[in-house]
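Okay, so here's the structure we're looking at.
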Amino acid sequence: APESLMQALEDLDYLAALDDDGNLSEVGIIMSEFPLDPQLAKALIASCEFDCVEEMVSLAAMLTGTMGWPSGASTAREVLGAHSDPSAHPQHPPASCPCPRTWRRPWPCAGGRCCTPTGTTSPSSTSSMPSSSALRLAGTVRAELLEVMRRIELPVSPPAFGSDANALNIQRALISGYFLKVARDIDGSGNYVMLTHKHVAHLAPACGYLLRAPPRRLPPWVLYHEFTISQDNCLRVVSEIQPQMLVELAPQYYLSNLPPSEGRDLLMELREKVVAAEGAPAEPE
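Under this note's numbering, the first residue of the sequence shown carries the number 274, and numbering increases by one thereafter.
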């Protein structure tokens, strides 16, 4: 549909994948080397800047290799090809997809199988674990993604998973690609409003944030991997983020173009504080 095409082009522009003439930019050309959704490819490229390539490649492989496999897909190329084919995601514009949590342990919605396309809890969601064959395929996908990075001579930093600095760097890389998929809990009870569309959604029943013991507060701001339009409007695979980090990494014109909402107002206030702090004179030593 024309609307979906225009939305896809707008998303690519926000991701810095297009130049002023509407052609692929240098970043866009690099993104096109990866058989991934544009947002995931952008996050992977950003991981080079934040020294978390090994970790981000693992996440990309898990998202691509174990999430929503097409029926009959049994090889890494089939999975990668399906995820890079816009027709494989009819509920999303071609430039829209993936996302994630706070990175102590990856994925509160483990395995991503939190709900079925109808929004109900799936029979397999109780285990919330990918199968051994899914993990093997994700390992193959991971190796192919690393091979692409080496072929186009992108820097591959050594793994540093486990440190606080590394956890923050992974969040930064994810936000760099997934700032288009952010939702805010508007009342503290799990009613999440998506910033770009203003739809109200909820965490899927098998989400780790809902199953923590003892129960704790739900994250006020999240990135989400997938939104299923259904009776329950599930957000599948979410990751808590800090709005300050979103303000620092998302393009200014993207924040300005968000539909009016309380969430947008909060982000713009944070943006003004960041700009004021950057313009303040340094304190004398």
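Here a beta-carbon is modelled for each residue, glycine too, at the ideal position from N, C-alpha and C.
In the assembly as shown, M279 is an exposed residue. Its beta-carbon has fewer than 16 other beta-carbons within 10 Å. The residues V421, I425, in chain order, have a CB closer than 7 Å to that of E306 in the same chain once the five nearest residues on each side in sequence are set aside. DSSP lists A456 as the beta-bridge partner residues of M467. Per DSSP, reduced to three states, the secondary structure at R544 is helical.
Judged by DSSP in its simplified three-state form, S512 adopts strand. About 13 Å separates the beta carbons of G461 and L476, which is beyond the 8 Å limit, so they are not a contact pair. Listed in chain order, the non-local C-beta contacts of P516 below 7 Å within the same chain comprise W494, L539, L540, L543, local neighbours out to five positions each way being set aside. Ranked by how close their Cα comes to the Cα of A290, the residues P311, A411, L508 have P311 in first place. Contact between the region 320–329 and the region 405–414 is not established, with fewer than three Cβ pairs separated by less than 8 Å. If you ignore the 5 residues before and after M329, its C-beta comes within less than 6 Å of the C-beta of L317, S320, A446, all in its own chain and listed in chain order.
Rounded to whole angstroms, the gap between the alpha carbons of V520 and L528 is 8 Å.
In the DSSP annotation of this structure, the continuous segment of the beta strand (DSSP E) that includes A474 starts and ends at 473–476.
By DSSP's assignment, V495 forms a beta bridge with A456, E513. Leaving aside the five residues that flank R490 on each side, the residues in its chain whose CB is nearer than 8 Å to its CB run, in chain order, G461. When secondary structure is reduced to three states using DSSP, C480 falls in the coil class, being assigned neither helix nor strand.
The C-alpha of H498 lies about 10 Å from the C-alpha of V455.
By the C-beta density criterion, Q525 is exposed, having fewer than 16 other C-beta atoms within 10 angstroms. In summary, D437 is exposed, with fewer than 16 beta-carbon neighbours lying within 10 Å of its beta-carbon over all protein chains present.
In the structure shown, C507 falls within a strand segment according to DSSP collapsed to helix, strand and coil. Separation of P533 and E283 (C-alpha to C-alpha, rounded to the nearest whole angstrom) is 18 Å. Residue environment: K546 is assigned as exposed (fewer than 16 neighbouring CB atoms within 10 Å of its CB, all protein chains considered). Counting only the Cα atoms, M518 lies some 20 Å from D286.
Ranking Y482, A334, H472, S449 by CA distance to the CA of A411 puts A334 first.
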